[in-house]
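Novice: Input: one structure, supplied below.
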Amino acid sequence: MPMQADLSWLVAAVLLGPFVGSFLGLMSLRLPEGKPVALARSACPACARPLGPIDLVPILSFAGLRGRCRTCGAPIPRRYLALELACPALALWSMLAQPSAEGFLGALLAWQLLLLALLDAEHFWLPRMLTLPLIVSGLAVAAAQGVLASHLLGAGLGFAGLSLLALAYRSFRGREGLGGGDAWLLAGGGAWCGAIALPSILLIGAASGLVFVLVQRLRGRATAADQPLPFGVFLAAGVWLTWLYGPLGLA
Ligand SMILES: [Zn+2]
């Protein structure tokens with residue numbers, strides 16, 4: 047494996063990261079409001095001053111403006127800086143686990159999962175317009191790697207499995223326990239990681255969700271049993287770790 051190729055994939059992913067992060071920040075705010083998403087923020091939401099290129103350089107603009115609009119001083123949402131840092135960090139993590147083109151593909155997966163997890167955490171919403179591209183991109187990668195059949199099966203089984211689980215929960219408890227979006231997200235996980243990885247994704251998702259609930263309890267934030275858990279966040283973590291390190295027990 048030539049080092050040179052590894053390095054250019056790494057540089058590409060890490061340099062692209064902050065811009066992707068900025069875009070994810072925009073999507074995370076505009077999608078839930080049903081507003082159109084352009085490629086860049088067009089104006090300050092407080093004073094409506096049009097934003098120029100100098101306002102839109104990831105990380106540097108935020109630092110230079112100290113997190114405030116240049117005209118009206120309205121705070122720029124913190125999430126922009128957080129995501130502009132998180133996206134290259136995830137790309138770097140992916141590259142460290144799997145160098146070269148594989149690592150770059152991992153970054154594309156991580157960025158999609160990050161936006162889905164954020165929307166689920168804030169709005170309990172895994173929009174189809176994001177889970178479908180997750181499935182399609184996973185199948186495209188699988189096709190390029192010559193493993194389309196098992197990943198197609200993974201997508202189908204992932205969707206069917208979680209749909210059945212949701213149906214069972216509904217009939218036992220008489221209410222919704224899993225959002226319909228979770229089945230589409232697991233289908234995406236199956237598309238990216240293959241059918242054999244589904245138990246691993248579900249196990250990591252369920253275990254991390256359980257740890258989260260226990261920690262909340264221990265910190266005295268007694269959560270009512272009825273309080274919904276954004277399961278998509280934990281499923282996304284399961285997909286991510288399984289893609290990086292392979293299915294549990296088979297790695
Ligand atoms: Zn402003």
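The opening position of the sequence shown corresponds to residue 47 in my numbering, with each subsequent residue numbered one higher. Where a beta carbon is used, it is the ideal one built from N, C-alpha and C, also for glycine.
Give me the residue from Gly202, Ala156 and Val279 with the minimum Cα distance to Trp289.
Specialist: Of the listed residues, the one whose Cα sits closest to Trp289 is Ala156.
Novice: Please report the straight-line C-alpha distance between Gln144 and Ala189, rounded to a whole angstrom.
Specialist: Cα to Cα, Gln144 sits roughly 19 Å from Ala189.
Novice: Alpha carbon to alpha carbon, how far is Glu222 from Gly266? Give it in angstroms, no decimals.
Specialist: Between Gly266 and Glu222, the C-alpha separation is close to 26 Å.
Novice: Between Gly226, Leu248 and Pro245, which has its C-alpha nearest Pro173's C-alpha?
Specialist: Comparing Cα-Cα distances from Pro173 to each of Gly226, Leu248 and Pro245, the minimum goes to Gly226.
Novice: Let me check understanding here. Comparing Cα to Cα, which of Ala237, Phe277 and Arg95 lies closest to Gly255?
Specialist: Selected option, being the one with the closest Cα: Phe277.
Novice: Is Leu231 buried or exposed, if buried means 16 or more other CB atoms sit within 10 Å of its CB?
Specialist: Leu231 is buried by the Cβ-count criterion.
Novice: Quick one: Cα of Ala58 to Cα of Ile105, how far?
Specialist: Each residue's alpha carbon lies about 17 Å from the other.
Novice: Ligand 1 and Ala120: does any heavy atom of the ligand fall closer than 6 Å to the residue's C-beta?
Specialist: Ala120: yes, Cβ under 6 Å from ligand 1.
Novice: The alpha helix (DSSP H) that contains Cys133, what's its start and end?
Specialist: That run of the alpha helix (DSSP H) goes Arg124 to Ala143.
Novice: Looking at ligand 1, does it come within less than 6 Å of Ala89, judged from the CB to the closest heavy atom?
Specialist: It does not: the Cβ of Ala89 is nowhere closer than 6 Å to a heavy atom of ligand 1.
Novice: Could you tell me the boundaries of the alpha helix (DSSP H) in which Pro179 lies?
Specialist: From DSSP, the alpha helix (DSSP H) with Pro179 extends over Arg174 to Ala190.
Novice: Taking 8 Å as the cut-off, does the segment 243 to 254 touch the segment 160 to 169 (at least 3 CB pairs, one atom from each stretch)?
Specialist: The segment 160 to 169, when compared against the segment 243 to 254, does not touch it at the 8 Å Cβ threshold.
Novice: Figure out for me which residue from Leu127, Arg216 and Pro179 has the closest Cα to the Cα of Ala201.
Specialist: Cα-wise, what sits closest to Ala201 is Pro179.
Novice: Any heavy atom of ligand 1 closer than 6 Å to the beta-carbon of Ala92?
Specialist: Yes, Cβ of Ala92 sits closer than 6 Å to a heavy atom of ligand 1.
Novice: Identify the continuous alpha helix (DSSP H) that holds Ala163 and give its terminal residues.
Specialist: That run of the alpha helix (DSSP H) goes Ala147 to His169.
Novice: Short of 8 Å in beta carbon distance, which residues of its chain neighbour Leu275, apart from the five on each side in sequence? Order them along the chain.
Specialist: Within the same chain, Leu275 has close Cβ partners Gly255, Phe258 and Val259.
Novice: Only counting the same chain, and skipping five residues up and downstream in sequence, which positions put a Cβ closer than 6 Å to that of His169?
Specialist: Correct list, in chain order: Pro78.
Novice: Return the chain-ordered list of same chain residues with a C-beta closer than 7 Å to the C-beta of Thr117, the five sequence neighbours on each side being excluded.
Specialist: Contacts found: Cys90, Cys93 and Arg95.
Novice: Got a sec, what are the start and stop residues for the alpha helix (DSSP H) Asp228 sits in?
Specialist: Its alpha helix (DSSP H) spans residues Gly226 to Cys239.
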